[in-house]
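Trainee: Residue numbers (the numbering used here), protein chains in the order written: chain A, -8 to 332; chain R, -8 to 332; chain G, 402 to 736; chain P, 402 to 736.
By construction, the Cβ of each residue, glycine as well, lies at the ideal position given by its N, Cα and C atoms.
This one's a predicted model, so the numbers in the text were calculated from it and none came from an experiment.
Just passing along the structure, written as structure tokens.
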Ligand SMILES: Cc1ncc(C[n+]2csc(CCOP(=O)(O)OP(=O)(O)O)c2C)c(N)n1
Ligand SMILES: Cc1ncc(C[n+]2csc(CCOP(=O)(O)OP(=O)(O)O)c2C)c(N)n1
Ligand SMILES: [Mg+2]
Ligand SMILES: [Mg+2]
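Right under this line is the structure:
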């Protein structure tokens, strides 16, 4: 069993690696993501954090299965609702939290914040705050892979709401006509902000939109880490072997509100409860126990993950802020270029 | 039989009206459009006209059938390739040519030019020079009709290439979710500029894209004025009676190059000839003759249309240019508003 | 009431007064708006007039254009100004030219509201003001707001205006409270700047959320400044500004826009052109630095010119007649 | 060679020198480009490196960003600058901030070329310059061109640069002929303005297609003007401009941009700030009027400042020290 305290201190590449072959490591990571977001929510409530945040509780299985299938040399564009994805892909809770808290140790030195966590070592681009903006960028990364003849894959992760924006349509069309090695992964969590999908989108099965581009599609229960991983394996494998893009729709559910302030009063009665029955963390735990794991040991794992997270929060809160002149860092101009070289 | 010289001098609303019940009038209008564009091409070649132009030869049946089905109170957004549409809908050759030649008598006083002919009397908005831009605007006009509870219809005319731009996707989605009284009319003339559709679009049957929006679709032989009219009648009727939007794909062919300078060297051998066999003007003429019309009379009609057009060209060339201060007309500001009122 | 409630009040009063006014945007109906700037409107006016849209800025901005042409007075909400980056075409290349391209036959009484600016911890892609995207656009009126009262009056005037109007709403002010006079007396005339404070020593032109900071700075420094809130940015009120500088002989623009490319240069250049020989010192701008809006609170709070920074620059300018360096130059950073 | 052939030459030489350089855009491969600015490249470099795209500016601009991050040096063609209105987000809100948002780990060596400007009869939606859409964007370099030689050198430098660069190409110059020195000697350093003519009487700052008109006007008027072609508009070369005005004590900006919102105000404001007390007359701008670009040849030819109009204004300025009125004011139109 992976040691949490240790995994927290590992490199992001190492934190990624453990997921591929170890179902317990995957569950552990799901504990970590869920625990991280619960604590983050509490921190926001105390006013310790500036700005906004978007939780992905209920969507952990998708993040972990994607991470289990990708190589660190692949490239991912994700969204503002990206902490789960970042942790799954390998970023440490400390790096993610430091960024969210605007600390100089954060992944962009605290300059980007909650909506822009990133880690170049594992191919996670600064997450995208503009709906749909990551899709063309992923297609472009895939173009670079195809161009260079390397077998890396790009993955664009986006929501159901994003399938209504022009960038979605244009990117799928471009990827299809050029047979780019990209997976379009739609995390259909039923809501775009405060609007249920049926209010904004005339169809609920978004994978059907692949037909407009003669593109293969998959639909999968995104609350089931095993099934999701299998679907992603097919799509990623197709991309890696020259078969072109796939649209994967994962049916998930957003347990939290859209962002910090939202208590989701707009949910139909019983809907949350229906989906909580299908809680991906719960299901992954049950699956392991059914396969022979000790429920007690898993419970201990969960609490050790929690304890490690509590420690991370202590540490990160004490980290220094950036200095004010840091806002001038990393802005490229023809003149800075000369200074750099 | 309609008198051409007379029809040229009629109001645009009257010029529209004659098309509904008179097949000869429709053929006459097709003669007019074809003759107009042939002459325009020649005028450009002599350098008498500034800028660029986009001909719609081969696409006359579509224009005339749409005009035969719409009411002047309906609203149309068309494209830079819009002269055929403008003439069909009712604008006089004189008004269209004066605009193209930048004369003060032109529909925008010569300020807009070839890509922006318009006529408010027949609901033709200034034609759109940005690919896809007319679709959201048509959806919005349809929204206004729905809002006011009037049974007018908006029609967005656009090309095959435009189905790859984001505005297409967003507009169809919006129209579908709101059941707007709008017809999306795709003039699939096989090319977007110099690129054949198969090079830019993974499917050739563009009406299939309606499925992404659970929207009804029609596909029709756009070279056949009778069939096209029937398809449009269904779509327009659906919109008028609360049935929501339809995507209509008319299969046509662009006989000319994309714009002024283009000789279309990129066409596969035999393709133009294949489609010329299906020339909509020729077919409409044959259909009339088969129905008992005199071929000689139709030939006389064609040459009288040509003679009238020659006269129009003479007249328009002699019209005055706008005066230089006209460029300050019709620019709304809070201050001009006060001046106006 | 709060600034955001003044927005609601303006929408409500216009919708009461004119049945052709309707509002659309993402989550503005059922949820009352991401910033609660349309709270209660759905209940009051129903789903035909208050519409939630899909995430499709191009479609619903363009739909606003079409609906306006066809007789409605739509009010579009662009949640963050940045989102116009996927739909700018409809406004700048489309709507602004429709009157021109129809020989004046068509009008586009469209209002596009967008929240702008820094100070709320949303990071570099949700904190810009981006006025420059829309200001070089003949045919498009661009306004901003700075108090609950003028938020009410400006928005109503924008909705009433027969041309397309872009309304920039400083997001950081939504929670601010103030008295709001509703009805005709609360209206604001578009195209006219507001003289917020009369003075003789220097003219300060500002707008948006910086109005309050400028007032604070002026009070703190004891300088007898004339403060002008531009309100309409395009076309801006040359008469009010020129009259003031003709009197004070000095001009400072305080703006939430980067040193390079910010709107204040337009004011400085126009004033210099007209009043050069009567100026007693160089006109200059107090701006944000040329950087993306930083996230960390420690940095974001310095990004925007703060009252103490404004006061420092003003005091130096008034006492020496020379242009002061911005804080980042003092801290060793070159421009 | 012609200006457009200089573009082809620059692309060709960069593609030869660096296998990661590739080009994409609408009809740039098989057809050689709508303006023939990529003629022959497909034959020479094949379809992997020279790609026709669907009509999807958002997708292929964004694909350029992604490809640049992943190791290529893409050159994107936006046929007309206006078309960025459907894709501006990718450049301004995305690409320009990627280096910042990755703590400097990611670079975006992307070149976006767009044809700009009036004079070719394309009407109000295909003739704007729209620099203001991109100039207030820290992290984005914006350049323009004015001769076949600098077209070659600037484009090569843009492609070589590790940051995102927007290249504005005056469409009306594509057919112009001139000598072009290829290779290293033909390169142009970004960030540096070119002193086109040395002089002592007045500094004229211009760029793009107006460079030639300014030269003509200066020759016709016999004024000993120093002419500066800005070349890089963001960030512009303050040193060269300030040094020149420090010498001439006068500044005129001649620009293809509207009186309101045009880029020249930035130059005027910065120069005034730095050199106010050494100026001998008001700096001013010769601009286009605040109108959409008109189509009719009779009007379009007056829209852009013509050599005779520039000469008239310059002569009056030099002889009287006062700012002349533009032609439209003389013809009875108010500003
Ligand atoms: C272009 C654009 N429009 C609107 C927004 C505001 N916004 C942020 S998240 C969001 C909802 C997105 O929904 P979905 O794609 O389903 O993703 P989810 O948040 O559910 O993960 C919206 C509308 C934005 N960021 N960008
Ligand atoms: C947003 C945008 N991108 C590119 C262009 C340039 N352009 C003008 S027409 C055209 C081809 C359009 O093809 P299609 O939609 O099939 O219409 P057709 O010209 O065949 O009628 C292109 C790419 C444009 N006007 N607008
Ligand atoms: Mg969602
Ligand atoms: Mg076509």
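1. Measuring only from the beta carbon, is residue 613 (chain G) closer than 7 Å to any heavy atom that is part of ligand 1?
2. I'd like to know whether the C-beta of residue 161 (chain A) is nearer than 8 Å to at least one C-beta of chain P.
3. Please classify residue 110 (chain A): does DSSP put it in a helix, a strand, or coil?
4. Is the closest heavy atom of ligand 4 to the C-beta of residue 189 (chain R) under 7 Å?
5. Measuring only the C-alpha atoms, how far is residue 492 (chain G) from residue 543 (chain G)?
6. Using a beta-carbon distance below 8 Å, is residue 628 (chain G) in contact with chain A?
7. Quick one: is residue 83 (chain R) buried, meaning 16 or more other Cβ sit within 10 Å of its Cβ, or exposed?
8. What are the complete beta strand (DSSP E) segments, minimum 3 residues, inside the region 440 to 490 of chain P?
9. Can you list the residues of chain P that residue 534 (chain G) reaches, using a CB-CB cut of under 7 Å?
10. Note down, one range per segment and in chain order, each beta strand (DSSP E) of at least 3 residues found wholly within the region 634 to 686 of chain G.
11. On the premise that residue 123 (chain R) lies in contact with residue 149 (chain R), defined as a C-beta separation below 8 Å, what is that separation, rounded to the nearest angstrom?
12. Do you know offhand how far residue 38 (chain A)'s Cα is from residue 31 (chain A)'s?
13. Starting from the N-terminal side, write out each stretch of the beta strand (DSSP E) that is 3 residues or longer and does not extend beyond the region 221 to 286 of chain R.
14. Report yes if the C-beta of residue 453 (chain P) is less than 7 Å from at least one heavy atom of ligand 4; otherwise report no.
15. Does the beta-carbon of residue 547 (chain P) have 16 or more other beta-carbons within 10 angstroms, so that it is buried, or is it exposed?
16. Is the distance from the Cβ of residue 214 (chain A) to the Cβ of residue 704 (chain G) below 8 Å?
17. Which one or two residues does DSSP pair with residue 630 (chain P) in a beta bridge?
18. With 8 Å set as the bound, which would you pick, yes or no: does the beta-carbon of residue 592 (chain G) sit closer than that to a beta-carbon of chain R?
19. Which partner residues does residue 571 (chain P) have in the DSSP bridge list?
20. Less than 7 Å between the CB of residue 444 (chain P) and some heavy atom of ligand 3, yes or no?
21. So, using beta-carbon positions, are residue 131 (chain R) and residue 152 (chain R) closer together than 8 Å?
22. Within the 8 Å Cβ cut-off, does residue 611 (chain P) reach chain R?
23. With burial defined as no fewer than 16 other Cβ atoms inside 10 Å of the residue's Cβ, what is the status of residue 273 (chain A): buried or exposed?
24. Can you pull the chain R residues whose beta carbon is under 8 Å from the beta carbon of residue 664 (chain P), in chain order?
25. Measuring CA to CA, which of P:452, P:559, P:422 is closest to residue 428 (chain P)?
26. When burial is assigned at 16 or more other CB atoms within 10 Å of the CB, is residue 501 (chain P) buried or exposed?
27. Could you check whether the region 251 to 262 of chain A touches the region 47 to 62 of chain A, counting it as contact only if at least three pairs of C-beta atoms, one from each stretch, sit closer than 8 Å?
28. Which residues share a DSSP beta bridge with residue 174 (chain A)?
29. Considering only heavy atoms of ligand 4 and the C-beta of each residue, which residues fall inside 6 Å, strictly closer?
30. Please classify residue 165 (chain R): does DSSP put it in a helix, a strand, or coil?
31. Taking Cβ-Cβ distances shorter than 8 Å, what residues in chain P pair up with residue 321 (chain A)?
32. Tell me whether residue 335 (chain A) is buried or exposed, calling it buried when 16 or more other Cβ atoms sit within 10 Å of its Cβ.
33. Quick check on the DSSP output: the alpha helix (DSSP H) that includes residue 12 (chain R) runs from which residue to which?
34. Give me, in chain order, the residues of the same chain whose beta-carbon lies closer than 8 Å to that of residue 112 (chain R); leave out the 5 immediate sequence neighbours on both sides.
35. Can you give me, in chain order, the residues of the region 515 to 529 of chain P that have a beta carbon less than 9 Å from any beta carbon in chain R?
36. One question on the structure: do residue 510 (chain P) and residue 474 (chain P) come within less than 8 Å of each other, judged by their Cβ atoms?
Mentor: Let's see:
1. Position 212 of the third chain, counted from the first residue, corresponds to residue 613 (chain G). Flag unset: Cβ of residue 613 (chain G) not near ligand 1.
2. Start at 1 with the first residue of the first chain, and residue 161 (chain A) comes out as number 170. Taking Cβ atoms only, chain P reaches closer than 8 Å to residue 161 (chain A), which makes this a yes.
3. What you label residue 110 (chain A) is simply residue 119 of the first chain in a count that begins at 1. In this structure, residue 110 (chain A) counts as strand in the three-state DSSP scheme.
4. Numbered from its first residue, the second chain carries residue 189 (chain R) at position 198. No - ligand 4 has no heavy atom lying nearer than 7 Å to the Cβ of residue 189 (chain R).
5. Within the third chain, numbered from 1, the residue matching residue 492 (chain G) stands at position 91. Within the third chain, numbered from 1, the residue matching residue 543 (chain G) stands at position 142. Those two C-alpha atoms are separated by around 11 Å.
6. Within the third chain, the letter at position 227 stands for residue 628 (chain G). With 8 Å as the cut-off, residue 628 (chain G) does not count as an interface residue toward chain A.
7. Walking along the second chain from the start, residue 83 (chain R) turns up at place 92. With 16 or more Cβ atoms within 10 Å of its Cβ, residue 83 (chain R) is classed as buried.
8. 451 to 453, 474 to 479
9. Here residue 534 (chain G) refers to the residue found at position 133 of the third chain. Those within 7 Å of residue 534 (chain G) in chain P are 534.
10. 652 to 659
11. The residue labelled residue 149 (chain R) in the question sits at position 158 within the second chain. The residue labelled residue 123 (chain R) in the question sits at position 132 within the second chain. That pair is a contact at about 7 Å.
12. By one-based count along the first chain, residue 38 (chain A) stands at place 47. By one-based count along the first chain, residue 31 (chain A) stands at place 40. Taking the straight line joining both Cα atoms gives about 11 Å.
13. 237 to 242
14. To locate residue 453 (chain P), count along the fourth chain from 1; it is residue 52. Flag unset: Cβ of residue 453 (chain P) not near ligand 4.
15. Reading the fourth chain from its first residue, position 146 is the one you call residue 547 (chain P). That one is buried.
16. Indexing the first chain from 1 puts residue 214 (chain A) at position 223. Indexing the third chain from 1 puts residue 704 (chain G) at position 303. Contact: no.
17. Taking the fourth chain and counting its residues from 1, the one referred to as residue 630 (chain P) is at position 229. For residue 630 (chain P), which the question treats as bridged, DSSP gives the partners P:595, P:607.
18. Position 191 of the third chain, counting from 1, holds the residue named residue 592 (chain G). At least one chain R Cβ lies under 8 Å of residue 592 (chain G).
19. The residue labelled residue 571 (chain P) in the question sits at position 170 within the fourth chain. P:517, per the DSSP bridge assignment.
20. On the fourth chain, position 43 is the one that residue 444 (chain P) refers to. Residue 444 (chain P) Cβ: outside cutoff for every heavy atom of ligand 3.
21. Taking the first residue of the second chain as position 1, residue 131 (chain R) is located at position 140. Taking the first residue of the second chain as position 1, residue 152 (chain R) is located at position 161. Cβ atoms of residue 131 (chain R) and residue 152 (chain R): not closer than 8 Å.
22. Against the fourth chain, residue 611 (chain P) aligns to sequence position 210. Answer no: the Cβ-Cβ gap between residue 611 (chain P) and chain R never drops below 8 Å.
23. The residue you call residue 273 (chain A) lines up with position 282 of the first chain. With fewer than 16 Cβ atoms within 10 Å of its Cβ, residue 273 (chain A) is classed as exposed.
24. Working through the fourth chain from its first residue, we reach residue 664 (chain P) at position 263. Residues of chain R passing the Cβ test: none, with the nearest at roughly 21 Å.
25. As a position in the fourth chain, residue 428 (chain P) is number 27, starting the count at 1. Residue P:452 is the option with its Cα nearest to residue 428 (chain P).
26. Taking the first residue of the fourth chain as 1, we reach residue 501 (chain P) at position 100. Looking at its Cβ environment, which holds 16 or more other Cβ atoms inside 10 Å, residue 501 (chain P) is buried.
27. no
28. Walking along the first chain from the start, residue 174 (chain A) turns up at place 183. DSSP lists A:146, A:237 as partners of residue 174 (chain A).
29. R:150, R:151, R:152, R:180, R:182, R:183
30. As a first step, residue 165 (chain R) is located in the second chain; it is residue number 174 there, counting from the start. Reduced to three states, the DSSP call for residue 165 (chain R) is helix.
31. Reading the first chain from its first residue, position 330 is the one you call residue 321 (chain A). What residue 321 (chain A) touches in chain P: 500, 501, 503, 504, 505.
32. Since the first and last residues shown for chain A are -8 and 332, residue 335 (chain A) lies out of range.
33. Counting from 1 along the second chain, the entry for residue 12 (chain R) is found at position 21. That residue, residue 12 (chain R), is in no alpha helix (DSSP H); it is neither H nor E in DSSP.
34. Position 121 of the second chain, counting from 1, holds the residue named residue 112 (chain R). Here the set comprises 2, 3, 4, 63, 81.
35. 521, 522, 523, 524, 525, 526, 527
36. Taking the fourth chain and counting its residues from 1, the one referred to as residue 510 (chain P) is at position 109. Taking the fourth chain and counting its residues from 1, the one referred to as residue 474 (chain P) is at position 73. It is a contact, given that the beta carbons lie within the stated cut-off.
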